[in-house]
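Structure record follows, encoded as structure tokens.
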Amino acid sequence: MVASRQLADGDVCLVGIGLPSLAANLARRLHAPACVLIYESGTIGSKPAVPPLSIGDGELADTADTVVSVPEIFNYWLQAGRVDVGFLGAAQIDRHANLNTTVIGRYDAPEVRLPGAGGAPEIASSARRVVVVLRHSRRTFVEQVDFRTSVPGPGPTVVITDLGVLERSPDRGELELRAVHPGTSVDDVRAATGWELRVAGRVTTTAAPTGPELEALRALRAAMAP
Amino acid sequence: MVASRQLADGDVCLVGIGLPSLAANLARRLHAPACVLIYESGTIGSKPAVPPLSIGDGELADTADTVVSVPEIFNYWLQAGRVDVGFLGAAQIDRHANLNTTVIGRYDAPEVRLPGAGGAPEIASSARRVVVVLRHSRRTFVEQVDFRTSVPGPGPTVVITDLGVLERSPDRGELELRAVHPGTSVDDVRAATGWELRVAGRVTTTAAPTGPELEALRALRAAMAP
Amino acid sequence: MAEITTLPDAVASLVSDGDLVALEGFTHLIPFAAAHEIVRQGRRSLTLARLTPDVIYDQMIGAGCAERLIFSWGGNPGVGSLHRLRDAVEHGWPRPLALEEHSHAGMANRYVAGASGLPMAVLRGYRGTDLGAVTSSVATVTCPFTGEELTAVASLNPDVTVIHAQQCDRAGNVMLWGITGVQREAVLAARRSLVTVEELVDRLEPRPGSVVLPGWVVTAVAVVPGGAHPSYAAGYSRRDNAFYRAWDAISRDRDTFSAWMAAHVGG
Amino acid sequence: MAEITTLPDAVASLVSDGDLVALEGFTHLIPFAAAHEIVRQGRRSLTLARLTPDVIYDQMIGAGCAERLIFSWGGNPGVGSLHRLRDAVEHGWPRPLALEEHSHAGMANRYVAGASGLPMAVLRGYRGTDLGAVTSSVATVTCPFTGEELTAVASLNPDVTVIHAQQCDRAGNVMLWGITGVQREAVLAARRSLVTVEELVDRLEPRPGSVVLPGWVVTAVAVVPGGAHPSYAAGYSRRDNAFYRAWDAISRDRDTFSAWMAAHVGG
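Protein chains in written order, with my numbering: chain U, 1 to 226; chain P, 1001 to 1226; chain Z, 2001 to 2267; chain V, 3001 to 3267.
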């Protein structure tokens, strides 16, 4: 819900699968009906009734303004700077918002082999604004990521977790806690973070989901159920 | 007619406008019905009833197997080595088959400004076989071209003129007279060539156009008349 | 989101003296009406970019709009010379014209680089030719994997790209089909873009071979039926080959040309 | 000209042990039937290339066909891990699997370079990441015009590319539509190509968004209705999302996986 609020109306958004797709489609239904959804599979301006399970689902193509090839999506649309907001997930993040989706443990002797880069490195570096969505714990918020898969570019980077909202400050290039969700304390967030967390001078509390927001979310979730 | 005989059935041929288009379409009607015509404008497998005035005429697209963008034609089809035969014209040619379609005189103070390169430099270097069609005179067959616009690659290069047929010998890289048209002597060709012409040990005489060839040519010409 | 406006307003707000302007369309969909509006508004010192200058730039050059031409093949297709282009290059009339010339492959890849947000594109081209010696936007790079020396061309990013398309909808989404040439790349490479269309429709029906440019990558759209004449718009008109042939005589002489322009373009 | 043949004959003649094979299709049109035929014919020591290994490579890896994987995102979309891929990488079962990994942008551009006959492609990617340190097919080049350091990726030219398409005609021309991913590039980059199709038709009717591969760039075509299941073919079938979800349990355990493969793929 907080992730969906990151999208302004008219924003061009490159969407991955899972939570990002849910957030983007929620935004399209609520406050940003004119936001443009681009999927890595080549669909531009998709308007799915139901967030898809995969980024290549037929409805994404059927409801798109146009469908282009995968090389085109990355070269002409993402790399050229036409994407306002890129949503990303990660298994690990560090204080500079470096993201790991490649491996836990050593690369050549992995404890857990993760899916890998996908579109993330170029989404991170080319989107004007990067929104990272992940769960907050000492396993994910680590002093040093085991592998740097994606490194957000110079634009704003917002990290949204189940505990609160962090932003990378432009001056220090380090994540700073800006808001906590209702019922969460700053200390809760500190305890779940694997480095000494910077905290903004004034930490706000995020707005609880409104009635219409929750209703839209429930409708989407119901439509997605297998 | 001699140019059209350069096309074998099944050949993939990149076609320019004018004589090349006429020769290629003639071949398609006579001995090479399965030859594939590609135009720089992006049409692949065009089967025009009438050779077009420009390479972007609607019929080329309407009769094509597929139409792609201009970058694709040059990158995915020509540069990738998918063209068997490239037809070229020129205002000047030298003994190494360097071609000039840019300028007569000095580049920065031209006597005659010619159209320029177009697709020729990459057709010359990427087509497996290059066929050059031009009029034979000391103004066109010169010791040194005023500007090297196009340089044929290492494959066979055949030059067909109103006097005969020359080929670049693979060993010397120099054009050699191989055949003369009926009624033309080797000395006629020497007199119209601006350098000391190499002549093959045995110079043949090209076959006169057959009845069906002439008929097909007349039909095409009639169809093209404005 | 593209603004749907009139051609005079669009040209007035998007095209300024000194701009690098690309009016693209490979034989098909050449935006003649927009060129004539640029002539009428008296734009000067333009750098004109286009693979095939064609009659459209012959007219703009003869009218004195251009000081520089970036191109790859400057003839009247199937007919002969572009006399106004030659007169400008050979005799400086009505003003001198500087040239930056490439091959089609080079020009196409320059737009591709521009559309991709890259400073250059790589190809295998210009080999052994004199083109590199006269054009500063050609260089070489060495492949770090094979050691092969490849050709690099600088990206081309027009201030304004102008194209003609068949249709737009009310949101300014644009659709063109048939031979679509380098128009997608030329629009995506440009800082601003203007599209003239044959028709405004309620809904763009997907068609075979169509290219759709979303309204949010287009600056302005103007409805100009027949705006490609004497070129054509597949599904709407046929190429006026007779005009292309007639242009040879019209353009050969300065006075005939000027009289024709005054009568048919005005400004 | 493409030969129209059966899937077993096409795989037998086109795919050899040790080949670099790309079975492409971005979520849509994944050539599962061809993969199963490769498994049945017992091909070994393959290098498998694909942006998204997906369930199709999870099956081939678990069946022991592969010794190396070139890829960019190896998950079960919307579901979770590819357990056979992980087991091979983490525990070497049924055999060790070497990895060469890229981003999607890098993989797509590697195919573009391959289709273009170039040894490399240039992009702005991999910046600040550790990918370059573990992958030898990534390097840098300096733009000769701006001095900017850009990323270069080596071209990818499979020995064989396999794709699934909706239709072919009797001359072996192939048409696909919907999400067409990198298939055009993957076929044009390959030395040989095999296309399975839903249907052989007398005439390919042009369709919106369709890609046509002329028969003379395709080596073999085999008619295999449903050959993309559990992926889908727009106009013919829908994605079997339930199967993708079920695969998580099937593939988690080595014995369950092997039993499923024996029962449903054979060989």
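Heads up, the beta-carbon is just placed ideally off N, CA and C, and yes, glycines get one too.
Is the distance from the Cβ of residue i to the Cβ of residue j below 8 Å?
| i | j | result |
| --- | --- | --- |
| GLY3235(V) | PHE3032(V) | no |
| ILE2179(Z) | PHE2026(Z) | yes |
| ALA1027(P) | THR1043(P) | no |
| VAL3182(V) | LEU3069(V) | no |
| GLY3080(V) | ASP3248(V) | yes |
| SER951(P) | ALA1192(P) | Since the first residue shown for chain P is 1001 and the last is 1226, residue 951(P) is missing from the structure and cannot be characterised. |
| GLU176(U) | ALA200(U) | yes |
| LEU2007(Z) | ILE2056(Z) | no |
| PRO2208(Z) | PRO3206(V) | yes |
| GLY2106(Z) | VAL2134(Z) | no |
| GLY2062(Z) | PHE2257(Z) | yes |
| ARG2110(Z) | VAL2174(Z) | no |
| ALA2190(Z) | PRO2144(Z) | no |
| GLY2172(Z) | VAL2221(Z) | yes |
| VAL2265(Z) | ARG2040(Z) | yes |
| SER4(U) | ALA34(U) | no |
| SER1069(P) | ARG2124(Z) | no |
| LEU1014(P) | ILE1104(P) | no |
| ARG168(U) | VAL203(U) | no |
| GLU1174(P) | ARG1190(P) | no |
| SER3251(V) | HIS3036(V) | no |
| LEU1220(P) | PRO1048(P) | no |
Would a check of beta-carbon distances place residue i closer than 8 Å to chain Z?
| i | result |
| --- | --- |
| THR3140(V) | yes |
| GLY183(U) | no |
| PRO1226(P) | With a pLDDT of only 48 at PRO1226(P), under 50, the local geometry of the prediction cannot be trusted, and the value read off the model is given with reservation. Yes, contact with chain Z. |
| GLN1079(P) | yes |
| ASN25(U) | no |
So, does the CB of residue i fall closer than 8 Å to a CB anywhere in chain B?
| i | result |
| --- | --- |
| ILE55(U) | As a matter of chain content, chain B is missing from the structure shown, whose protein chains are U, P, Z and V. |
For residue i and chain P, any beta-carbon pair shorter than 8 Å?
| i | result |
| --- | --- |
| LEU3268(V) | Outside the shown range of chain V (3001 to 3267) lies residue 3268(V), about which nothing can therefore be said. |
| VAL3201(V) | no |
| TYR2057(Z) | no |
| PRO2295(Z) | Outside the shown range of chain Z (2001 to 2267) lies residue 2295(Z), about which nothing can therefore be said. |
| GLY2130(Z) | Strictly speaking, residue 2130(Z) in this sequence is Asp, with Gly absent from that position. Output row for ASP2130(Z): interface = yes. |
For chain U, find out if any of its Cβ atoms is closer than 8 Å to the Cβ of residue i; answer yes or no.
| i | result |
| --- | --- |
| THR3180(V) | yes |
| ASN2157(Z) | no |
| THR3161(V) | no |
| TRP2247(Z) | no |
Report, in whole angstroms, the separation of the C-beta atoms of residue i and residue j, which I expect to be a contact under 8 Å.
| i | j | result |
| --- | --- | --- |
| ALA2160(Z) | LEU2014(Z) | The amino acid at residue 2160(Z) is misidentified as Ala; the sequence shows Val. Rounded, the Cβ-Cβ distance is 5 Å, consistent with contact. |
| ILE1160(P) | VAL1002(P) | 5 Å |
| ALA3108(V) | PHE74(U) | 6 Å |
| VAL3122(V) | VAL2122(Z) | 6 Å |
I'd like to know if residue i contacts chain V, where contact means its C-beta is closer than 8 Å to some C-beta of that chain.
| i | result |
| --- | --- |
| ARG1128(P) | no |
| ARG1028(P) | no |
| VAL1012(P) | yes |
| THR149(U) | yes |
| LEU1007(P) | no |
| SER169(U) | no |
| ARG1082(P) | yes |
| GLU122(U) | yes |
| GLY119(U) | yes |
Mind checking whether the beta-carbon of residue i lies closer than 7 Å to any heavy atom of the ligand SAM?
| i | result |
| --- | --- |
| THR1066(P) | The ligand SAM is not part of the structure shown, which contains no ligands of any sort. |
Of the residues that make up the segment 1060 to 1071 of chain P, which ones have a beta carbon closer than 7 Å to any beta carbon in chain V? The residues in question are ASP1065, THR1066.
Short of 9 Å Cβ to Cβ, which residues in the segment 3108 to 3123 of chain V face chain P? VAL3112, GLY3114, ALA3115, SER3116, GLY3117, LEU3118
Touch test, the segment 1092 to 1108 of chain P against the segment 3230 to 3246 of chain V, Cβ-Cβ under 8 Å, three pairs minimum: Taking 8 Å as the limit for Cβ pairs, the verdict is that the segment 3230 to 3246 of chain V does not touch the segment 1092 to 1108 of chain P.
Name the residues in the segment 33 to 47 of chain U whose C-beta lies less than 7 Å from a C-beta of chain Z; which are they? Of all residues in the segment 33 to 47 of chain U, those with a C-beta nearer than 7 Å to a C-beta of chain Z are VAL36, ILE44, GLY45, reading in chain order.
Do three or more CB pairs link the segment 3213 to 3220 of chain V to the segment 103 to 121 of chain U at distances below 8 Å? no
Pairing CB atoms from the segment 76 to 88 of chain U with CB atoms from the segment 126 to 133 of chain U, are three or more of them under 8 Å? They touch, by the three-pair rule.
For the structure I just gave you, are there three or more beta carbon pairs, one from the segment 2165 to 2179 of chain Z and one from the segment 1183 to 1192 of chain P, closer than 8 Å? no
Near-chain V residues of the segment 2008 to 2023 of chain Z - C-beta to any C-beta below 9 Å: none
Output needed in chain order: residues of the segment 83 to 107 of chain U with a Cβ under 8 Å from some Cβ in chain V. Shown in chain order are the members of the segment 83 to 107 of chain U whose Cβ falls below 8 Å from a Cβ of chain V: ASN98, THR102, TYR107.
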